[in-house]
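Residue numbers (the working numbering), protein chains in the order written: chain H, 1 to 90; chain F, 1 to 130.
Every residue gets a Cβ at the ideal spot worked out from N, C-alpha and C, and that includes glycine.
A short write-up of the structure that comes next.
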Amino acid sequence: MNRHELTNRARIAMLCTMQGNRTGKRRSGRLGKPALAVLVGGAVALSGCVSVNAPDKPIVIELNINIKQEVVYRLAKDAETTINENPGIF
Amino acid sequence: MMFKFSPITAAGAAALAVLALSVPASAQQRDPAYAAARASGQVGEKTDGYLGFPGTPSADVRRMADDINIKRRALYAQKAAEQHATVEDYAFTSGCRLIAQTVPGEKYQGPDGSWQIRTAAAPLRDSRCP
Chain H
1 MNRHELTNRA
11 RIAMLCTMQG
21 NRTGKRRSGR
31 LGKPALAVLV
41 GGAVALSGCV
51 SVNAPDKPIV
61 IELNINIKQE
71 VVYRLAKDAE
81 TTINENPGIF
Chain F
1 MMFKFSPITA
11 AGAAALAVLA
21 LSVPASAQQR
31 DPAYAAARAS
41 GQVGEKTDGY
51 LGFPGTPSAD
61 VRRMADDINI
71 KRRALYAQKA
81 AEQHATVEDY
91 AFTSGCRLIA
101 QTVPGEKYQG
111 PDGSWQIRTA
121 AAPLRDSRCP
């Protein structure tokens, strides 16, 4: 029984929106015709201008930034003292 | 020719010796040649905490800056060990501070690695600087 139901759901999911609307019993069928037209029209209009290009440079994520910043903040006071105590080389 | 050991020379030498002893090498003020090289932009502060050359340095300037960088590195290494940090992190943190305290006219390295001339405005620093 359970298996039968799952198979059916999968089939509903594969149906096109317009077909689902025609059955009248599905949730998607509650969308009015003008709304559907807007959705479909929007999708068509968008599909004409949206283009996804692969970046030509490798994506680098710097995971060490937060760790380093923590260290830098911890060392700041000591570094300042060191610099002030050794004016000859700074 | 023999030098006569006059009391004045002796007093002068003694005064110099006392001066040299009372001030440790690292605590001395900037060497005039170093101060001049900074002011003229022949050397600048890098983001990594060491001196760099915005242009092609003369042999003397290069030697002087290399010498200072060696002393800086030794100091960074000692202090980093005390703070249980890496020499690079300690040097970088010092670089943040050293760039912040440059005076107008001196050169420093921006976050992108380019050489900048310090103006009255705050210097361009790495976003990780405190």
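Local Cβ density within 10 Å of F:A85, reported as buried at 16 or more and exposed below that: Residue environment analysis places F:A85 among the buried positions, since at least 16 neighbouring C-beta atoms fall within 10 angstroms of its C-beta.
Within 7 angstroms, strictly: CB atoms of F:R201 and F:T93: Chain F is shown from 1 up to 130; residue 201 of chain F falls before or after that span and cannot be answered.
Chain-order list of residues whose beta-carbon lies under 7 angstroms from that of F:Y90 (same chain, five-residue window excluded): Excluding positions up to five away in sequence, the list reads Y76, K79, A80, Q83.
Whole alpha helix (DSSP H) elements within the stretch 28–72 of chain F, 4-residue minimum: 32–39, all fully within the stretch 28–72 of chain F.
Euclidean distance between Cα positions of H:N84 and F:D31: Using only the alpha carbons, I get a separation of about 16 angstroms.
Residue(s) in a DSSP beta bridge with F:Q109: DSSP output for F:Q109 lists F:W115 as bridge partner(s).
Neighbour flag for F:D66 against chain H, beta carbons, 7 angstroms: So no, F:D66 is outside the interface.
Per-residue DSSP class, three states only, for H:D78: In this structure, DSSP gives H:D78 a helical state, which the three-state scheme calls helix.
Proximity below 7 angstroms, CB of F:P57 to CB of H:A76: Going by beta carbons, F:P57 and H:A76 fall outside the 7 angstroms limit.
F:P104 versus F:A120: straight-line alpha-carbon distance, rounded: Distance between the alpha carbons of F:P104 and F:A120 is about 6 angstroms.
Within chain F, partners of H:V72 - CB distance below 8 angstroms: Those are D89, F92, T93, C96, R128, C129, P130, listed as they occur along chain F.
CB contact below 7 angstroms: F:A121 versus chain H: No, its Cβ sits nowhere closer than 7 angstroms to a Cβ of chain H.
Chain B contact residues for H:I89, given Cβ-Cβ distances below 8 angstroms: Going by chain labels, chain B is absent from the structure shown, which instead holds the protein chains H and F.
Residues that F:A85 contacts on chain H, provided the C-beta gap is smaller than 8 angstroms: Neighbours of F:A85 on chain H, chain order: V71, R74, L75.
Secondary structure of F:A120, DSSP reduced to three states: F:A120: coil per DSSP, three-state reduction.
Cβ neighbours of F:V87 in the same chain (closer than 6 angstroms, five flanking residues each side left out): For F:V87, where only same-chain residues beyond five positions count, the Cβ hits under 6 angstroms are Y76, A77, A80.
Three-state secondary structure assigned by DSSP to F:G95: If DSSP states are grouped into helix, strand and coil, F:G95 belongs with the helices.
Cross-chain neighbours of F:Q29 in chain H, by beta carbon under 9 angstroms: Near F:Q29 (Cβ distances below 9 angstroms), the residues of chain H are P87, G88.
Neighbour flag for H:A54 against chain F, beta carbons, 7 angstroms: Interface with chain F (7 angstroms Cβ-Cβ cutoff): H:A54 is excluded.
Own chain residues within Cβ distance below 6 angstroms of F:K107, not counting five before or after: G41, G44, P54, W115, I117, listed in sequence order.
Local Cβ density within 10 Å of F:C96, reported as buried at 16 or more and exposed below that: By the neighbour-count criterion, in which a residue is buried when 16 or more other Cβ atoms sit within 10 angstroms of its Cβ, F:C96 is buried.
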